[in-house]
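Line by line, the protein sequences are chains A and B.
According to the working numbering, the first sequence is numbered sequentially starting from 1.
According to the working numbering, the second sequence is numbered sequentially starting from 131.
The beta carbon of each residue, even a glycine, is placed where N, CA and C say it ideally should be.
Since the structure is predicted, the reported quantities are computational estimates derived from the model, not experimental observations.
Take a look at the structure below.
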Amino acid sequence: MGIKSLDDLKKIREDSLKKVNLRETGKDGEDITELMVGMATCGIAAGARVTLAALLDEISKNNIENIRVVQVGCLGYCHSEPIVQINQSGKEPILYGNVDDKKARDIINKHVLKNELLDDSIIINTFQKA
Amino acid sequence: MDKIRSHIMVCGGTGCVASHSEDLISALKSELITAGYDQEISVIKTGCFGFCGQGPIVKIHPDNVFYVQVTPNDAEEIVKEHIVKGRTVHRLLFEEPELKGKLETHDDMAFYKKQYRIALRNCGMINPENIDEYIAFRGYEALGKVLTEMTPEDVFYEIKESGLRGRGGGGFPTGLKWELTSKSPGTEKYIICNADEGDPGAFMDRSILEGDPHSVLEAMVIGGYATGAHQGSIYIRAEYPLAIKRLTVAMDQARDYGLIGKDIFGSGFDFDIIIKLGAGAFVCGEETALIHSVEGLRGEPTKKPPFPSESGYKGKPTTVNNVETFANICPIILNGSQWFKNIGTETSKGTKVFAIAGNVNNVGLVEVPMGTTLREIIFDIGAGIQDGKGFKAVQTGGPSGGVITSVDLDTPIDYESLKNIGSMMGSGGMIVMNDKTCMVNIAKFYLEFTQDESCGKCTSCRIGTKRMFEILTKITNGEGTMEDLEHLDALARMIKDTALCGLGQTAPNPVLSTMNYFHDEYLEHVKNKYCRAGTCKALSKYSIIADKCIGCTACARACPVKCIDGKVKEVHVIDQSKCISCGACFDACKFDAVLKP
Numbered sequence: 001m002g003i004k005s006l007d008d009l010k011k012i013r014e015d016s017l018k019k020v021n022l023r024e025t026g027k028d029g030e031d032i033t034e035l036m037v038g039m040a041t042c043g044i045a046a047g048a049r050v051t052l053a054a055l056l057d058e059i060s061k062n063n064i065e066n067i068r069v070v071q072v073g074c075l076g077y078c079h080s081e082p083i084v085q086i087n088q089s090g091k092e093p094i095l096y097g098n099v100d101d102k103k104a105r106d107i108i109n110k111h112v113l114k115n116e117l118l119d120d121s122i123i124i125n126t127f128q129k130a
Numbered sequence: 131m132d133k134i135r136s137h138i139m140v141c142g143g144t145g146c147v148a149s150h151s152e153d154l155i156s157a158l159k160s161e162l163i164t165a166g167y168d169q170e171i172s173v174i175k176t177g178c179f180g181f182c183g184q185g186p187i188v189k190i191h192p193d194n195v196f197y198v199q200v201t202p203n204d205a206e207e208i209v210k211e212h213i214v215k216g217r218t219v220h221r222l223l224f225e226e227p228e229l230k231g232k233l234e235t236h237d238d239m240a241f242y243k244k245q246y247r248i249a250l251r252n253c254g255m256i257n258p259e260n261i262d263e264y265i266a267f268r269g270y271e272a273l274g275k276v277l278t279e280m281t282p283e284d285v286f287y288e289i290k291e292s293g294l295r296g297r298g299g300g301g302f303p304t305g306l307k308w309e310l311t312s313k314s315p316g317t318e319k320y321i322i323c324n325a326d327e328g329d330p331g332a333f334m335d336r337s338i339l340e341g342d343p344h345s346v347l348e349a350m351v352i353g354g355y356a357t358g359a360h361q362g363s364i365y366i367r368a369e370y371p372l373a374i375k376r377l378t379v380a381m382d383q384a385r386d387y388g389l390i391g392k393d394i395f396g397s398g399f400d401f402d403i404i405i406k407l408g409a410g411a412f413v414c415g416e417e418t419a420l421i422h423s424v425e426g427l428r429g430e431p432t433k434k435p436p437f438p439s440e441s442g443y444k445g446k447p448t449t450v451n452n453v454e455t456f457a458n459i460c461p462i463i464l465n466g467s468q469w470f471k472n473i474g475t476e477t478s479k480g481t482k483v484f485a486i487a488g489n490v491n492n493v494g495l496v497e498v499p500m501g502t503t504l505r506e507i508i509f510d511i512g513a514g515i516q517d518g519k520g521f522k523a524v525q526t527g528g529p530s531g532g533v534i535t536s537v538d539l540d541t542p543i544d545y546e547s548l549k550n551i552g553s554m555m556g557s558g559g560m561i562v563m564n565d566k567t568c569m570v571n572i573a574k575f576y577l578e579f580t581q582d583e584s585c586g587k588c589t590s591c592r593i594g595t596k597r598m599f600e601i602l603t604k605i606t607n608g609e610g611t612m613e614d615l616e617h618l619d620a621l622a623r624m625i626k627d628t629a630l631c632g633l634g635q636t637a638p639n640p641v642l643s644t645m646n647y648f649h650d651e652y653l654e655h656v657k658n659k660y661c662r663a664g665t666c667k668a669l670s671k672y673s674i675i676a677d678k679c680i681g682c683t684a685c686a687r688a689c690p691v692k693c694i695d696g697k698v699k700e701v702h703v704i705d706q707s708k709c710i711s712c713g714a715c716f717d718a719c720k721f722d723a724v725l726k727p
């Protein structure tokens, strides 16, 4: 495909930016949601791999940008694995327990997209109180 | 599932490729497939991170974790621990020598803290073989802006205003160079990118071409538009195969998008680029010699004037700019000359890339604002001298520059200040030397290089550098006389004044500057037949201190030429006529009884 104007270039840039924006790190004022999935041995044994895959699948289905999925080590709530923690700028982190495939999709569709908390699954609402 | 959630960036610069980064990439890919993560994690081969001394480098996004000295054997652990379980592999993190602690993120490293990356902005950030990634980071936007919104006059005015000067070493204002070519009469004009990087130890241009080839191509098209040229050539030495490969890939991709070729951005402006391979002669970095070589003639300089801006390639007005100069163009167009002007010193704007090499802890590629001091570069970014030794001197400007001693370490770097202390900016090679370096030998090393690289056209350079090299060899062999020192000095000044081109005119600089700052070392070599660094084999005599020797025979057993005599529990003696000054006895002795010259 040829580029014949600045608009053509802009289109390619917007498409490409989606593929590389996770390399931009630590910029102030960036509205980025971070999903941390507990992937220690206990998490994996409890099915965190399925959870992680479901999160990614739902994100790509809904074409959500400014979101990062990060695998982390043990979060300390082994009784409620798989654990997903959501960090959003300016808000307290929210921790969900027993997140299976369905709950993972709910997290994306409700919490991330509509800002509705999944009250039944929250195990503790701030990290500091743990 | 096509959401990629993490990028593993692996350095694909020549330095890291030499330490098996390509094997590492295949190992990571196959480990990801084994773990079933290959659809969500991508492995990207990128350009030079600059931290070459610790390569191969791996950086993981978005975690911002920076691993050093990663081997293909580490791939399994990285995937199993970091990717699958989210645990940082601590043993692969970089340890700051002074802090004694491991650093997880790249921004914390002293090596990166004082850097400001303009020319290297995309190196380590993008996959150089993917034009879309370059475009994602504002690539080709400057070209679009230039072709659709600016006149050629606007372009060279903007570059002139920015204060950008040639990064190849000369420091000629780039905007003015463009204006001169633009105003030369005629419709057939050319633009040439000088990628004939030849200083020993310098690899700035190679890293830019390998890590971000599009930044140079885009700037060449902009330069063509500003000067009225429709054809560009990249003159690159054949010994840079990786840079050539990436350039070729980049040119094909840019051509597919119509970003080079006919009617670029629908503006009616045509521009094409070809690659011209050079055989790697140092003299071809000089622009007139370079132009002759591009023409297919012998790479010999001719006198200036006429300058290439009047009569260059095929006798037509030609602009020759260095790779790093080009790499600065697009950010200036995008951010404006005022932005660029605010970086740097009064006379030298922007940043400069340096290749730090030699006896320094962090060997690598750094980009700092003009006005940064040598001390900051060597001791903060470079983390000081290896093995806790002392600093003696630093050579900037390669074989054309001179040594700078500790007295001048706080000089803010710019074109003028380096000239004032007897060296020069050069293209950016920076060789750090510790207190065990013989300065006469260093001068000899550079003269051996220049006499070898002299094209032979003018007598003063052809014969003069050869004679200087012979005198220096004589001195380091312990056969020098006081008369030799006088001849050396006179010869150096004569060559400086009479040589035809920059190579010859600057070739005596290493001699003049070492004779100026380290005159006592020259005298020691000539009068006392003594080399304090122990580098000049003919002048370094090892001996044994009788009081300390306990007669353990360790030295005698280590000596490869069997020149150490002595019985068990008796003092040993070195036969200095047979000694080859290898230092094996010094290393073998546990009682500090061997005196190193």
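Can you tell me which residues form a DSSP beta bridge with F484/B?
V496/B
Measuring only between beta-carbons, confirm whether D193/B sits less than 9 Å from chain A.
yes
Report yes or no: do three or more beta-carbon pairs, one from the stretch 370-389 of chain B and one from the stretch 332-344 of chain B, lie closer than 8 Å?
yes
Compare the beta carbon distance of P438/B and A419/B with 9 Å and say whether it is the shorter of the two.
Contact: no.
Just mark V173/B as buried or exposed, buried being the case when its beta carbon has 16 or more other beta carbons within 10 Å.
buried
Any beta-carbon of chain B closer than 9 Å to the one on R13/A?
Interface criterion met: the Cβ of R13/A is under 9 Å from a Cβ in chain B.
Please tell me whether V112/A has its Cβ less than 9 Å away from any Cβ of chain B.
no
I need the straight-line Cα distance from D326/B to F401/B, nearest angstrom please.
22 Å
Between E425/B, A356/B, D262/B, which has its C-alpha nearest T278/B's C-alpha?
A356/B
So, is the C-beta of K667/B closer than 9 Å to a C-beta in chain A?
no
In its own chain, which residues sit with a C-beta less than 7 Å from the C-beta of W308/B, not counting the 5 before and 5 after it?
F286, I289, G353, A356, T357, T449
Please identify the residue among K433/B, G180/B, A384/B whose C-alpha is closest to the C-alpha of C253/B.
That would be G180/B, whose Cα lies nearest to the Cα of C253/B.
In this structure, how does DSSP classify E34/A when only helix, strand and coil are distinguished?
strand
Could you name the residues of chain B that G2/A contacts, counting a contact when the two beta carbons are closer than 7 Å?
Y387, G388
Would you check if the stretch 614-634 of chain B and the stretch 533-544 of chain B touch, i.e. whether three or more CB-CB distances between them fall below 8 Å?
Flag = no, the stretch 533-544 of chain B and the stretch 614-634 of chain B do not touch.
Return the CA-CA distance between Y660/B and H649/B, expressed in angstroms with no decimal places.
13 Å
Looking at T477/B and I248/B, is the spacing between their C-beta atoms short of 9 Å?
Not in contact: I248/B and T477/B (Cβ atoms no closer than 9 Å).
In the DSSP assignment, what residue or residues form a beta bridge with M624/B?
Under DSSP, M624/B forms no beta bridge with any residue.
Could you tell me whether the Cβ of L17/A comes closer than 9 Å to any Cβ of chain B?
yes
Distance between T606/B and A686/B (C-alpha atoms, nearest Å)
27 Å
Verify whether the separation of the beta carbon atoms of V200/B and I187/B is less than 9 Å.
yes
Please look up how many angstroms separate the CB atoms of D510/B and K133/B, rounded, as I've assumed it's under 8 Å.
That belief does not hold up - the Cβ atoms of D510/B and K133/B are roughly 40 Å apart, past 8 Å.
Based on Cα-Cα distance, which residue from G166/B, G610/B, L223/B, V641/B lies nearest to K657/B?
G610/B
So, do the stretch 258-278 of chain B and the stretch 295-306 of chain B have three or more beta carbon pairs nearer to each other than 8 Å?
no
Determine whether the beta carbon atoms of Y320/B and K446/B lie at a separation below 9 Å.
It is a contact, given that the beta carbons lie within the stated cut-off.
Taking the alpha-carbon positions, what's the E348/B to H79/A distance?
Cα to Cα, the separation comes out at about 57 Å.
Simplified DSSP assignment, three categories, for L113/A:
Under the three-state reduction of DSSP output, L113/A falls in the helix class.
By the criterion of Cβ-Cβ separation under 8 Å, what are the contact partners of I265/B in chain A?
L9, I12, R13, S16
With a threshold of 16 other CB atoms inside 10 Å of the CB of E613/B, please say whether the residue is buried or exposed.
exposed
F509/B lies in the beta strand (DSSP E); which residues open and close that run?
That residue, F509/B, is in no beta strand (DSSP E); it is neither H nor E in DSSP.
Which whole-angstrom value describes the C-beta separation of K587/B and A663/B, a residue pair presumed to lie in contact below a C-beta threshold of 8 Å?
The pair is not a contact, with the Cβ atoms about 36 Å apart (cut-off 8 Å).
Who does K479/B pair with in a DSSP beta bridge?
G474/B
Proximal residues of chain B, C-beta to C-beta of S5/A below 7 Å:
Residues of chain B passing the Cβ test: F395, G396.
Can you tell me which residues form a DSSP beta bridge with T449/B?
Looking at the DSSP assignment, T449/B forms a beta bridge with I321/B.
Return the bridge partner residues of Q88/A from the DSSP annotation.
T33/A.
Pick helix, strand or coil for C146/B, following the three-state DSSP scheme.
The answer is helix: DSSP assigns C146/B an H, G or I state.
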